[in-house]
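Asks: The sequence shown begins at 1 in UniProt numbering and counts up by one.
Sharing a structure here in structure tokens format.
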Amino acid sequence: MNLLDSRTVMGDLGWIAYPKNGWEEIGEVDENYAPIHTYQVCKVMEQNQNNWLLTSWISNEGASRIFIELKFTLRDCNSLPGGLGTCKETFNMYYFESDDEDGRNIKENQYIKIDTIAADESFTELDLGDRVMKLNTEVRDVGPLTKKGFYLAFQDVGACIALVSVRVYYKKCPSVIRNLARFPDTITGADSSQLLEVSGVCINHSVTEEAPKMHCSAEGEWLVPIGKCLCKAGYEEKNNTCQVCRPGFFKASPHSPSCSKCPPHSYTLDEASTSCLCEEHYFRKESDPPTMACTTPSPVSTVKKGKITKNSISLSWQEPDRPNGIILEYEIKYFEKDQETSYTIIKSKETTITADGLKPGSTYIFQIRARTAAGYGGFSQRFEFETSPLLAASSDESQIPIIVVSVTVGVILLAVVIGFLLSGSCCDHGCGWASSLRAVAYPSLTWRCGYSKAKQDPEEEKMHFHNGHIKLPGVRTYVDPHTYEDPNQAVHEFAKEIEASCITIERVIGAGEFGEVCSGRLKLQGKREFPVAIKTLKVGYTEKQRRDFLGEASIMGQFDHPNIIHLEGVVTKSKPVMIVSEYMENGSLDTFLKKNDGQFTVIQLVGMLRGIASGMKYLSDMGYVHRDLAARNILINSNLVCKVSDFGLSRVLEDDPEAAYTTRGGKIPIRWTAPEAIAFRKFTSASDVWSYGIVMWEVMSYGERPYWEMTNQDVIKAVEEGYRLPSPMDCPAALYQLMLDCWQKDRNSRPKFDEIVSILDKLIRNPSSLKTLVNASSRASNLLVEHSPVGTGAYRSVGEWLEAIKMGRYTEIFMENGYSSMDAVAQVTLEDLRRLGVTLVGHQKKIMNSLQEMKVQLVNGMVPF
Numbered sequence: 001m002n003l004l005d006s007r008t009v010m011g012d013l014g015w016i017a018y019p020k021n022g023w024e025e026i027g028e029v030d031e032n033y034a035p036i037h038t039y040q041v042c043k044v045m046e047q048n049q050n051n052w053l054l055t056s057w058i059s060n061e062g063a064s065r066i067f068i069e070l071k072f073t074l075r076d077c078n079s080l081p082g083g084l085g086t087c088k089e090t091f092n093m094y095y096f097e098s099d100d101e102d103g104r105n106i107k108e109n110q111y112i113k114i115d116t117i118a119a120d121e122s123f124t125e126l127d128l129g130d131r132v133m134k135l136n137t138e139v140r141d142v143g144p145l146t147k148k149g150f151y152l153a154f155q156d157v158g159a160c161i162a163l164v165s166v167r168v169y170y171k172k173c174p175s176v177i178r179n180l181a182r183f184p185d186t187i188t189g190a191d192s193s194q195l196l197e198v199s200g201v202c203i204n205h206s207v208t209e210e211a212p213k214m215h216c217s218a219e220g221e222w223l224v225p226i227g228k229c230l231c232k233a234g235y236e237e238k239n240n241t242c243q244v245c246r247p248g249f250f251k252a253s254p255h256s257p258s259c260s261k262c263p264p265h266s267y268t269l270d271e272a273s274t275s276c277l278c279e280e281h282y283f284r285k286e287s288d289p290p291t292m293a294c295t296t297p298s299p300v301s302t303v304k305k306g307k308i309t310k311n312s313i314s315l316s317w318q319e320p321d322r323p324n325g326i327i328l329e330y331e332i333k334y335f336e337k338d339q340e341t342s343y344t345i346i347k348s349k350e351t352t353i354t355a356d357g358l359k360p361g362s363t364y365i366f367q368i369r370a371r372t373a374a375g376y377g378g379f380s381q382r383f384e385f386e387t388s389p390l391l392a393a394s395s396d397e398s399q400i401p402i403i404v405v406s407v408t409v410g411v412i413l414l415a416v417v418i419g420f421l422l423s424g425s426c427c428d429h430g431c432g433w434a435s436s437l438r439a440v441a442y443p444s445l446t447w448r449c450g451y452s453k454a455k456q457d458p459e460e461e462k463m464h465f466h467n468g469h470i471k472l473p474g475v476r477t478y479v480d481p482h483t484y485e486d487p488n489q490a491v492h493e494f495a496k497e498i499e500a501s502c503i504t505i506e507r508v509i510g511a512g513e514f515g516e517v518c519s520g521r522l523k524l525q526g527k528r529e530f531p532v533a534i535k536t537l538k539v540g541y542t543e544k545q546r547r548d549f550l551g552e553a554s555i556m557g558q559f560d561h562p563n564i565i566h567l568e569g570v571v572t573k574s575k576p577v578m579i580v581s582e583y584m585e586n587g588s589l590d591t592f593l594k595k596n597d598g599q600f601t602v603i604q605l606v607g608m609l610r611g612i613a614s615g616m617k618y619l620s621d622m623g624y625v626h627r628d629l630a631a632r633n634i635l636i637n638s639n640l641v642c643k644v645s646d647f648g649l650s651r652v653l654e655d656d657p658e659a660a661y662t663t664r665g666g667k668i669p670i671r672w673t674a675p676e677a678i679a680f681r682k683f684t685s686a687s688d689v690w691s692y693g694i695v696m697w698e699v700m701s702y703g704e705r706p707y708w709e710m711t712n713q714d715v716i717k718a719v720e721e722g723y724r725l726p727s728p729m730d731c732p733a734a735l736y737q738l739m740l741d742c743w744q745k746d747r748n749s750r751p752k753f754d755e756i757v758s759i760l761d762k763l764i765r766n767p768s769s770l771k772t773l774v775n776a777s778s779r780a781s782n783l784l785v786e787h788s789p790v791g792t793g794a795y796r797s798v799g800e801w802l803e804a805i806k807m808g809r810y811t812e813i814f815m816e817n818g819y820s821s822m823d824a825v826a827q828v829t830l831e832d833l834r835r836l837g838v839t840l841v842g843h844q845k846k847i848m849n850s851l852q853e854m855k856v857q858l859v860n861g862m863v864p865f
């Protein structure tokens, strides 16, 4: 590191000559014709010369050992006529230490001599005539220095010398990263043999195994490394840095050599993962290492029957051999044989249970599974047990039920008449005379409006299911908030008011139609603080904007389903006005899929679709049409649970399930909307089913834009002519067929949402049904016009094609490997892509999918290569 270089100083050096007629400054140019400072003296004919040249004060910048490099010329005394007795061929160099610039005018005897400098080569008069200067270079070092700076002095005692340049510098070991530790710039020690021990600091995302150290030599070289750092869990060492484990990979410990792929039946969607999550229904013990595959617990294997009557069956069983933790409860599922769609679930903390209310002389199927903190295990095998038969009654005894029935009917009829006269009409919730009738007919039970739960063991919980749905006494119906004269009444009827002080806004995560969308925390009295999403109404809103903004809350507040975004409440009594809902960590489904292209199994994707369909079935059952169902309006949380959101375009249906709501205009999301809704502005649950088919296509293509770059008018025309989106690459045939069913032109031919849920459930229960994929030939009949930016489907170059499918980054690689024409590209295989370095599964799919579509269109005469 230079402290002084006289050749680079443009102005006055500020050096002092003593006496003044000794050393003199001469302006010259170097070999590159750049101006330089030189000091010359040539008093060889005069005796007793003592000419001094003093530099300005030089800071040592903390160095305790400095080096001085001198470049000079010196004339050979033998080339001088006479004066040999006084001519010298050496000069002396001195230094003086000082903490400031006040030590310049000290006496000569206070300077410390560094050395006598002699020339290796001197020049003669002949050389002078030829302008050949023999430049000498000498280097000396000084140390240890103890003060902040120093002066140099050059003494001439009778030589003919020209001092061409003076460079003063110190040596240091440069900053370096070694063994994942950063070692800083280190100035060398004062002693020429000294090794300075320097401690390193672990770089980002690394931790210390053994304290990293190296030694800085006097020559500025790093020597003798000791200790090292290791990349922390979730990061691996590459190119002397710690790089993050990408999604699908993990590193559990700093001592693991590198990121590992998630073991079987586990996954991770995040970077820097230290372990992988088990797939649904798969588990890992807390004591199991993270490298172990997730497995399903051993189910309950032995079930014994106990007391059996004509209406009940008692069972007992043993705890599973590998419960994967402490068993919290058991779930018992049973149903009458050949009636599997109508079943009952009982939950119990004991290993015994009595199922009552059964039919005499009937066979029932039982299955049992255990739940631990890790979740449910699999159901046991099916066990069959039969209730006792109903015994034949005597002729006298047979009359008793008839008498009882006659009396009961008479009492009921009397209750009906009395209840009708007294009440006159039903209560709003369906009670009134009906509850009075129940009280008369069944005096041992207490009835109230809504759902009533029969008396049962507090350790048990019983739920009855029919066709996969819980049987409840009534079905809720959606109420359109736009029918309220006062919108405030609607919002406060369906949404809870939250105090603004309970909400903490942390950051802005997006922008909505009416204002910002933020993430934050909500702390309600008696509950733990939890994350929420917050929509705010921008300042300066109109009353209409406020009404429309809160209208969405009035809609959301009526829904309660695990696949519908949950409304926590609203803030209307202070500003800003807010809508507070549950926070979905992974954001919108389309963006999430694009970020994780190719990272999920088919079962995981079908699970997402099942959740969306379940939410839409719930809305349909309530008589509600969404109108804007698209992947961008589906939110997904960290557990990959999908929830329907964004109810800004939604409207209610009439009581008639076939009735359609006709809009008063406005924009329609063409790519997701059914043809009858586009043509006649009529929306039904069947038009939502069409949109759901588009969502299926989005999910299976990892967020690809439906119909690509086609214009809206081209989309409308193509759909009307019978064209449908082609199957995404590697899409199971069963899923694509369901998409096509959703896209039936006749809306009455489309499946209902409950049918869609049932179909997806069957596919999930039978994964082998998802192994049959759609092949290229079956795609041809439904293929759309190629989505080329030039409109004709023909690409002018390989680069243009790759840019069109957003894979332009690979253009240079294709060209370098001989794929310079579309004819050559058409022959590319998946193995070729891997060889070219296209290793991301999502990118491989996108390229192969595009090539496959072009080949099909080529066969049909649509696209010329």
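Built from N, CA and C at the ideal position, the CB exists for glycine as well.
Bear in mind the structure is a predicted one, so any value in this text is a computation, not a measurement.
Alpha carbon to alpha carbon, what distance is there between E280 and H265?
Replies: Answer to the nearest angstrom: the Cα atoms are 9 angstroms apart.
Asks: Check whether the Cβ atoms of V300 and E286 sit closer than 9 angstroms, and answer yes or no.
Replies: No. Outside cutoff.
Asks: Just to check my reading of the structure: A17 and F91 have Cβ atoms closer than 8 angstroms, yes? What is that Cβ distance to the nearest angstrom?
Replies: That belief does not hold up - the Cβ atoms of A17 and F91 are roughly 13 angstroms apart, past 8 angstroms.
Asks: Answer with buried or exposed for L623, where buried requires no fewer than 16 other C-beta atoms within 10 angstroms of its C-beta.
Replies: First, the residue type needs correcting, since residue 623 is Gly and not Leu in the sequence shown. Classification for G623: buried.
Asks: Three Cβ pairs or more, each shorter than 8 angstroms: is that satisfied between the region 740-757 and the region 704-715?
Replies: No, the region 740-757 does not touch the region 704-715.
Asks: Under 9 angstroms, do A293 and P247 count as touching if we go by C-beta distance?
Replies: For A293 and P247, no; Cβs fall outside 9 angstroms.
Asks: Given a cut-off of 9 angstroms on the beta-carbon distance, is the pair M214 and E197 in contact?
Replies: Cβ atoms of M214 and E197: closer than 9 angstroms.
Asks: I think V244 touches A272, with their Cβ atoms under 8 angstroms apart; what is that distance to the nearest whole Å?
Replies: About 5 angstroms separates the two Cβ atoms, so the contact holds.
Asks: Go to N817, then tell me how far its alpha helix (DSSP H) extends in each direction, as first and last residue.
Replies: Where N817 is concerned, there is no enclosing alpha helix (DSSP H), given that its DSSP letter is neither H nor E.
Asks: Here's the rule I'm using: 16 or more other beta-carbon atoms within 10 Å means buried, otherwise exposed. How should N179 be labelled?
Replies: With 16 or more Cβ atoms within 10 Å of its Cβ, N179 is classed as buried.
Asks: Could you check the C-alpha separation between T186 and P144 for me, to the nearest Å?
Replies: T186 and P144: Cα-Cα distance of roughly 16 angstroms.
Asks: Please classify W52: does DSSP put it in a helix, a strand, or coil?
Replies: W52 falls in the strand class under three-state DSSP.
Asks: Return the CA-CA distance between A218 and G62, expressed in angstroms with no decimal places.
Replies: Answer to the nearest angstrom: the Cα atoms are 15 angstroms apart.
Asks: How far does the alpha helix (DSSP H) with V606 in it extend, from its first residue to its last?
Replies: It spans V602 to D621 - the alpha helix (DSSP H) in which V606 sits, taken as one unbroken run.
Asks: Jot down the residue ranges of each uninterrupted alpha helix (DSSP H) in the region 233-270, minimum 4 residues, whole runs only, in chain order.
Replies: Here no run is fully enclosed.
Asks: Distance, Cα to Cα, V479 vs A630?
Replies: Those two C-alpha atoms are separated by around 23 angstroms.
Asks: Taking DSSP as the reference, what is the three-state secondary structure of N2?
Replies: Strand, per DSSP.
Asks: Assuming I503 and L522 make a contact with CB atoms under 8 angstroms, what is their CB distance in whole Å?
Replies: 6 angstroms between Cβ atoms; contact.
Asks: Just to confirm before moving on: does the CB-CB distance between V606 and L725 stay below 9 angstroms?
Replies: No; because the gap between Cβ atoms is not below 9 angstroms, this pair is not in contact.
Asks: With DSSP run on the structure shown, which of helix, strand or coil describes H626?
Replies: H626: coil per DSSP, three-state reduction.
Asks: Output the boundary residues of the alpha helix (DSSP H) element that contains C518.
Replies: No alpha helix (DSSP H) contains C518, which is instead part of the beta strand (DSSP E) from E516 to L522.
Asks: Is it true that the CB of V166 sits closer than 9 angstroms to the CB of K71?
Replies: Cβ atoms of K71 and V166: closer than 9 angstroms.
Asks: In this structure, does DSSP put V774 in helix, strand or coil?
Replies: Three-state result, V774: coil.
Asks: Can you tell me which of the three DSSP states T839 falls into?
Replies: Of the three classes helix, strand and coil, the one that applies to T839 here is coil, per DSSP.
Asks: Would you mind working out which of I498, K107, K134 and K359 sits nearest residue 866, comparing C-alpha positions?
Replies: Past the boundaries of the shown model lies residue 866; the chain is included only from 1 to 865, so the question cannot be answered.
Asks: How many Å lie between A686 and R632 at the Cα?
Replies: Their Cα atoms are separated by approximately 20 angstroms.
Asks: Hey, how far is the Cα of V841 from the Cα of D597?
Replies: Whole-angstrom Cα-Cα distance: 7 angstroms.
Asks: Is it true that the CB of W57 sits closer than 9 angstroms to the CB of F154?
Replies: For F154 and W57, no; Cβs fall outside 9 angstroms.
Asks: So the alpha helix (DSSP H) L687 belongs to, where does it begin and stop?
Replies: The sequence as given places Ser at residue 687; Leu does not occur at that position. Looking at the DSSP string, the run of the alpha helix (DSSP H) that includes S687 is S685 to M700.
Asks: With contact counted as at least three CB pairs below 8 angstroms, one residue from each stretch, are the region 542-558 and the region 477-493 in contact?
Replies: Touching, yes.
Asks: Within its chain, find whatever has a CB closer than 7 angstroms to the CB of A118; leave out the 5 residues flanking it on each side and keep chain order.
Replies: Cβ neighbours of A118 beyond the five flanking positions: E89 and T90.
Asks: Pull up the distance between the alpha-carbon of P290 and that of P212, whole angstroms please.
Replies: Each residue's alpha carbon lies about 29 angstroms from the other.
Asks: Classify K349 as buried or exposed, calling it buried when 16 or more other Cβ atoms lie within 10 Å of its own Cβ.
Replies: Label assigned to K349: exposed.
Asks: By how many angstroms is the C-alpha of F379 removed from the C-alpha of K307?
Replies: Straight-line Cα distance between these residues: approximately 23 angstroms.
Asks: Should V157 and N78 be called a contact, given that it needs their Cβ atoms to be closer than 9 angstroms?
Replies: No, these two residues do not count as a Cβ contact at 9 angstroms.
Asks: Would you check if the region 675-683 and the region 632-644 touch, i.e. whether three or more CB-CB distances between them fall below 8 angstroms?
Replies: No: fewer than three Cβ pairs fall under 8 angstroms.
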